[in-house]
Amino acid sequence: MLINFFKPVDSFSLFAKKSNPTIAECTKAEAHLKNKIDKVENILKEHAYKRNIIECNTYGEIKLRNKTDIINSPNDWNLVAKKLMSITSHNTTAKDRDFTKEISKLSKSLDKYNEQAKIIEKNKTEIQKKESITSLKSEIKLREEIKNSGNELLIKAQENSDKLALSKISMTAIGEFKPSQLRAINNIIMLSDKINSKPEWLQEKGILRVPGNNKDIESIAKVMNEGSDQEIKNILMKNDSHHDIFGLIKNQFGLALTDLEKSRICNFSINHENRIAEDNYRLPSIIKLPLSLQKLMPLLINIDKNKEINKMDAQNIAMVLAPRIATLEPGKGEQIKEMKEIGAQTKIIENFLAAIINHHSRIQNRKLPEVPSHSKKELAPLNTSHLQASGNLEIFV
Numbered sequence: 001m002l003i004n005f006f007k008p009v010d011s012f013s014l015f016a017k018k019s020n021p022t023i024a025e026c027t028k029a030e031a032h033l034k035n036k037i038d039k040v041e042n043i044l045k046e047h048a049y050k051r052n053i054i055e056c057n058t059y060g061e062i063k064l065r066n067k068t069d070i071i072n073s074p075n076d077w078n079l080v081a082k083k084l085m086s087i088t089s090h091n092t093t094a095k096d097r098d099f100t101k102e103i104s105k106l107s108k109s110l111d112k113y114n115e116q117a118k119i120i121e122k123n124k125t126e127i128q129k130k131e132s133i134t135s136l137k138s139e140i141k142l143r144e145e146i147k148n149s150g151n152e153l154l155i156k157a158q159e160n161s162d163k164l165a166l167s168k169i170s171m172t173a174i175g176e177f178k179p180s181q182l183r184a185i186n187n188i189i190m191l192s193d194k195i196n197s198k199p200e201w202l203q204e205k206g207i208l209r210v211p212g213n214n215k216d217i218e219s220i221a222k223v224m225n226e227g228s229d230q231e232i233k234n235i236l237m238k239n240d241s242h243h244d245i246f247g248l249i250k251n252q253f254g255l256a257l258t259d260l261e262k263s264r265i266c267n268f269s270i271n272h273e274n275r276i277a278e279d280n281y282r283l284p285s286i287i288k289l290p291l292s293l294q295k296l297m298p299l300l301i302n303i304d305k306n307k308e309i310n311k312m313d314a315q316n317i318a319m320v321l322a323p324r325i326a327t328l329e330p331g332k333g334e335q336i337k338e339m340k341e342i343g344a345q346t347k348i349i350e351n352f353l354a355a356i357i358n359h360h361s362r363i364q365n366r367k368l369p370e371v372p373s374h375s376k377k378e379l380a381p382l383n384t385s386h387l388q389a390s391g392n393l394e395i396f397v
């Protein structure tokens with residue numbers, strides 16, 4: 001029996017014509033599309049059961065017969081469709097030809113619906129980001145009004161609220177990271193070790209800002225993202241281009257950042273923007289920063305320490321990294337307005353990054369006061385016989 005319900009997706013066509021769809025419209029189009037996908041999958045499921053291509057496991061999940069992979073996405077059902085077509089595609093009877101055409105049509109529809117689902121998801125993400133920045137702007141405005149109100153109780157309540165929010169966002173949960181992001185963090189550490197072994201690189205003019213060879217960076221990044229630790233060490237040993245290595249640092253930092261980490265850095269940045277003039281305001285310690293930024297900070301501080309030679313001070317470093325953290329992305333709406341919003345958010349992040357790099361760089365550059373000669377005492381040797389070697393300890397934060 002041939003399928004006769006394949007008609008133009010009217011609701012999606014109408015949705016696609018809208019320049020600024022709402023979340024409600026996205027959800028409605030998504031539900032309509034899901035119904036169509038379910039219809040196709042149910043027909044494929046019926047054919048596949050009849051021909052013993054699929055079966056249920058002990059948990060009631062559908063899988064290919066004699067395979068362990070669960071079938072739960074349009075792409076998975078497309079594999080089922082291809083297996084069904086392979087059964088009858090070589091036969092020449094009219095019934096088999098009709099069946100092959102039907103399955104082929106179902107497969108093409110799944111491809112089309114899959115692409116439409118991606119468009120809806122992209123629109124939803126863009127809308128949520130716009131709503132997020134609108135909410136942040138409202139929060140900034142409210143804080144300014146509270147600050148200028150002169151009401152001590154309100155001001156104190158806002159300060160306590162800020163402290164509570166920062167204490168929550170300072171805790172980095174490993175569970176929020178995907179394996180690829182944890183790998184990227186590990187890669188940042190390995191790249192930093194490579195740079196530390198060649199301190200002269202930190203004195204190169206425009207380091208971190210000047211791009212490397214894109215082709216070389218892509219080939220090394222592929223190994224870093226997929227290879228073993230030994231393969232990564234081998235390829236890093238072969239590459240001695242400082243601009244390539246610093247290009248990889250930027251690449252891996254972008255991969256390591258989670259959406260939650262970006263949001264945390266944005267919160268730190270807004271808090272910094274609002275409270276920088278306050279006497280009791282303090283920048284967060286490195287241990288309170290999101291994990292990706294924590295692991296990158298020692299390198300950024302070392303670059304800043306060589307700013308007289310490399311011309312890359314904290315502000316220049318921040319200019320390079322801030323666009324990778326900004327959570328807004330250009331959409332299809334009012335481009336000039338969007339560009340202004342993205343620019344404003346990026347500048348707030350840039351100011352915070354510059355401040356935190358500069359602050360911790362200054363702390364590390366401080367010299368301890370010398371002990372006056374008249375107060376120095378002869379110290380007895382320290383008895384260490386009771387201590388046992390315990391190897392290298394690393395605090396994971």
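Residue numbers (UniProt numbering): 1 to 397. Glycine is no exception: its CB is placed at the ideal position from the N, C-alpha and C atoms. Bear in mind that the values here come from a model prediction, so they are computed numbers and not experimental data.
A318 and A354 have their C-alpha atoms spaced approximately 5 Å apart. Taking all protein chains shown into account, V320 has 16 or more neighbouring C-beta atoms within 10 Å of its C-beta and is therefore buried. Beta-bridge pairing by DSSP links C56 to I62. Cα atoms of L33 and E46: separation of roughly 20 Å, rounded to the nearest angstrom. Taken through DSSP and simplified to helix, strand or coil, I70 comes out as strand.
Ranking I309, N114, D111, K105 by CA distance to the CA of E200 puts I309 first. Around the beta carbon of N52, a 10 Å sphere encloses fewer than 16 other beta carbons of the protein chains shown; the residue is thus reported as exposed.
Taking all protein chains shown into account, G212 has 16 or more neighbouring C-beta atoms within 10 Å of its C-beta and is therefore buried. DSSP, reduced to helix, strand and coil, places P199 within a helical segment of the structure shown. Residue burial annotation: T346 is buried, with at least 16 other C-beta atoms found within 10 angstroms of its C-beta. Counting only residues of its own chain and dropping the five nearest sequence neighbours on each side, K250 has a CB closer than 8 Å to the CB of L208, V320, L321, R324. The Cβ atoms of N351 and D304 do not sit closer than 8 Å to each other. With a 10 Å radius around the Cβ and a threshold of 16 neighbouring Cβ atoms, P290 comes out buried. M237: member of the alpha helix (DSSP H) spanning 229 to 238, first to last residue.
Taken through DSSP and simplified to helix, strand or coil, A326 comes out as coil. Between K295 and I189, the C-beta gap is smaller than 8 Å, which places the two residues in contact. The criterion of a C-beta distance shorter than 8 Å is satisfied by Q252 and A184. Rounded to whole angstroms, the gap between the alpha carbons of I232 and G247 is 16 Å. A residue is called buried once 16 or more other Cβ atoms fall within 10 Å of its Cβ, and C26 is buried on that count. Boundaries of the alpha helix (DSSP H) harbouring L293: 291 to 305, taken from the DSSP string. Under the 10 Å beta carbon count, S73 is surrounded by fewer than 16 other beta carbons and is classified as exposed.
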